[in-house]
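Student:
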Amino acid sequence: MIGTVYLVGAGPGDPGLITVRGLAVLRGADVVVHDHLVPRALLAEAKPGAEIVYAGKRAADHIMRQARINELLVERALAGLAVCRLKGGDPFVFGRGGEEALHLAEHGVPFEIVPGVTAAVGVPAYAGIPVTHRAFCASVSISTGHEDPEKDGSDIDWTGLAGPKKTVVFYMGVRNLASIAAKLTEAGLAGDTPAALVHRGATAQQRTAVGTLATIARIAETEKFEPPCLIVVGEVVRLREKLAWFENRPLFGRSVVLTRPRERGGLLKDALASRGAHVIEFPTIRIVPPEDGAPLRDAAARVDEFYGLIVTSASAVEPFFEALLATGRDARALAGLLVAAVGPATAEALRARGIVPDLLPEKAHAESLAQALASRGGLAGKRFLFPQGDLAGDALARALEAEGASVTGVVAYRNIPEAWNGRAVAALFEERTPDAVVFTSPSTARNLAACLGTERYERWKSSPCVFASIGPRNDAGDEGVGAARRP
Ligand code: SAH
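Rendered as structure tokens:
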């Protein structure tokens, strides 16, 4: 059977701006062919084993002419594969999506178009510029700025663009900015018409310059604006003064790498992202079941023989309850037990299983739990079951044993190093060093060098990049992302 080619818009920069449909297609694709401007973080959404092809036009060693891209799409579809052709912004707006779709149609290859947020709309929005506002304009036009305005017989209707109450947006125009401004002025637009230039909008590298038609080219030159840039001309640019929201957030422009397993990144990721940080998920460990599940099942089968259950990680919750269910029992088996937990995520995972912890120390670490339990007194002879990770230390058990209790530790999950290949790492970080790396357990820190590769790891270490951690075993303060130390 012939596969389908999906021409998917990836949005202008923020990976969150891909559509629901686009993400579903990307996740299901066997082959992903992406352009240079596609947010790299999206590539991590491709399924394991998917072929990732860079069809960017900038890297000298990977130049793929349009004809070759067209051929590749057809080849892979004829091989029966689902192909996601991921393009920056919208596939049909200055993206050659039309050419690719025509080629597919001519070869009888089924295709689907998944529109995206185009730069002309998404980028000004992130710069605080609404492309229309009824007080200032009645129309907006989008235009290529790539065409040399000095060439004979321009395809652009400069007089049409230059009318009053119009917003004009140019793609690919930064190198021609002086002549674009000159053409618009010549066509009758006042020299003091506001103009803005946005470089890499909707990303952590967003930079915006505001001037007028008369000044913007000089500003671009002195402030060294390079492609990709979007140009916005019109009175709406003035609104930015009040509406610039993205660049004003406290962590704007900072990139933060999260090393915890992906499915657990949620809360911290959202907290950082909502303050404007560019969050890069780079899991260095993966949580997998124990090699032998029998000890956990045996322990779960006789859980009611214990006085208490200790859970210090959300990762232990699911395997423990699965083991309990496998023995034909359910949460009622814990009815008489004291359930002691560490950390809000652990408590949340327990709640999802119908258990509200009896004890949840304010400080999210095992030592606080030991203290809280010890301060209750009367632990002599009490037995605790502690489903834990394979790398868990024995400090908690020892502290309780010192009070006369006994602790039965049983491995509920294992931490294994995440396997990253060099190309995926390079695509994720390109040549930039992040501003911070966050560790959430000792193993996330331990595996960083192996996942990054020695050369990149050394580069990060000798850069001003902050290594931050949560939990005292990683040497952090109580604020979580606070204290810094090299792993
Ligand atoms: N299909 C894309 C446009 C591709 S042409 C879309 O719909 O957005 C490439 C041009 O788009 C760049 O030269 C630049 O002018 C603009 N562009 C794309 N992403 C941008 C971004 N994040 N910031 C500024 N300009 C961007």
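Numbered according to this note's numbering, the sequence shown terminates at residue 482, and the numbering increases by one at each position without gaps. Think of the CB as a built atom: it goes at the ideal place given N, C-alpha and C, for glycine as much as any other residue. Since the structure is predicted, the reported quantities are computational estimates derived from the model, not experimental observations.
(1) Is the closest heavy atom of the ligand SAH to the C-beta of residue 194 under 7 Å?
(2) In three-state DSSP terms, what is residue 378?
(3) How about residue 311 and residue 408: are their beta carbons less than 8 Å apart?
(4) For a test of your reading of the model: does the CB of residue 89 fall under 7 Å from any non-hydrogen atom of the ligand SAH? Yes or no.
(5) For residue 176, which option in 198, 158, 207 has the closest C-alpha, if you only look at C-alpha atoms?
(6) For the pair the segment 218 to 228 and the segment 249 to 265, tell me if three or more CB-CB distances fall below 8 Å.
(7) Looking at the structure shown, is residue 12 part of a helix, part of a strand, or coil, going by DSSP?
(8) Can you tell me whether residue 325 is buried or exposed? The criterion is at least 16 other CB atoms within 10 Å of its CB, across all chains shown.
(9) Reducing DSSP to helix, strand and coil, say where residue 56 ends up.
(10) Cβ of residue 8 versus every heavy atom of the ligand SAH: is any distance shorter than 7 Å?
(11) State the beta-bridge partners of residue 141 as determined by DSSP.
(12) Please report the straight-line C-alpha distance between residue 425 and residue 87, rounded to a whole angstrom.
(13) Is the beta carbon of residue 81 sitting closer than 8 Å to the one on residue 28?
(14) Which residue from 441, 433, 133 puts its Cα closest to that of residue 273?
(15) Does the segment 298 to 310 come into contact with the segment 274 to 281, if we say contact requires no fewer than three beta-carbon pairs (one atom in each stretch) closer than 8 Å?
(16) Looking at the ligand SAH, does it come within less than 7 Å of residue 358, judged from the CB to the closest heavy atom?
(17) DSSP puts residue 1 in a beta bridge; with which residues?
(18) The ligand SAH heavy atoms versus the CB of residue 222: any closer than 7 Å?
(19) I need the DSSP call for residue 49, collapsed to helix, strand or coil.
(20) Touching or not, the segment 292 to 300 and the segment 322 to 342, by the rule of three or more beta carbon pairs under 8 Å?
(21) Can you tell me the Cα-Cα spacing of residue 478 and residue 359, whole angstroms?
(22) From the DSSP output, which residues share a beta bridge with residue 276?
(23) Buried or exposed: which applies to residue 350, given that a residue is buried once 16 or more other Cβ atoms fall within 10 Å of its Cβ?
(24) Does the structure place the segment 42 to 53 close enough to the segment 97 to 116 that three or more beta carbon pairs sit under 8 Å?
(25) Among 16, 135, 183, which residue has its Cα nearest to the Cα of residue 165?
(26) For residue 420 and residue 160, what's the separation of their Cα atoms in angstroms?
(27) With respect to 7 Å, is the separation between the Cβ of residue 118 and the closest non-hydrogen atom of the ligand COA below this value?
(28) Just the Cα atoms here: how many angstroms apart are residue 454 and residue 203?
(29) Determine the DSSP secondary structure at residue 175, reduced to helix, strand or coil.
(30) With 16 other CB atoms within 10 Å as the buried threshold, where does residue 474 fall?
(31) Considering just the uninterrupted stretch of the alpha helix (DSSP H) at residue 246, what are its terminal residues?
(32) Cα-Cα, which of 19, 443, 3 is closest to residue 415?
(33) Give a yes or no on whether the C-beta atoms belonging to residue 334 and residue 361 are separated by under 8 Å.
(34) To the nearest angstrom, how far is the alpha carbon of residue 463 from that of residue 431?
(35) From residue 42 to residue 23, what distance separates their C-alpha atoms?
(36) Cβ of residue 422 within 8 Å of Cβ of residue 38?
Tutor: So, from the data block:
(1) yes
(2) strand
(3) yes
(4) yes
(5) 207
(6) The answer is no - the segment 249 to 265 does not touch the segment 218 to 228, with fewer than three Cβ pairs under 8 Å.
(7) helix
(8) exposed
(9) Confidence at residue 56 is low in this model, with a pLDDT of 46, below 50, so the placement of that residue is unreliable and no value is reported for it.
(10) Yes, Cβ of residue 8 sits closer than 7 Å to a heavy atom of the ligand SAH.
(11) Answer is none; residue 141 lacks a bridge partner.
(12) 27 Å
(13) yes
(14) Per the Cα distances, 433.
(15) Fewer than three Cβ pairs drawn from the segment 298 to 310 and the segment 274 to 281 lie within less than 8 Å of each other, which leaves the two stretches out of contact.
(16) no
(17) 79, 107
(18) Judged by the Cβ position, residue 222 qualifies as a neighbour of the ligand SAH at the 7 Å threshold, a heavy atom of the ligand being closer than this.
(19) strand
(20) Result yes; three or more Cβ-Cβ pairs closer than 8 Å.
(21) Model confidence at residue 478 stands at a pLDDT of 38, short of 50, so the residue's coordinates are unreliable and nothing is read from them.
(22) 253
(23) buried
(24) no
(25) The shortest Cα separation from residue 165 among 16, 135, 183 belongs to 135.
(26) 47 Å
(27) Absence of the ligand COA from the depicted structure is noted, with the ligand SAH being the only ligands included.
(28) Rounded to the nearest angstrom, the two C-alpha atoms are 29 Å apart.
(29) The answer is helix: DSSP assigns residue 175 an H, G or I state.
(30) Since pLDDT at residue 474 reaches only 32, below the 50 mark, its modelled position is unreliable, and no value is offered.
(31) Element bounds for residue 246: n/a, residue is neither H nor E.
(32) 443
(33) no
(34) Straight through space, the alpha carbons of residue 431 and residue 463 are spaced by roughly 7 Å.
(35) Computed Cα separation, rounded: 7 Å.
(36) yes
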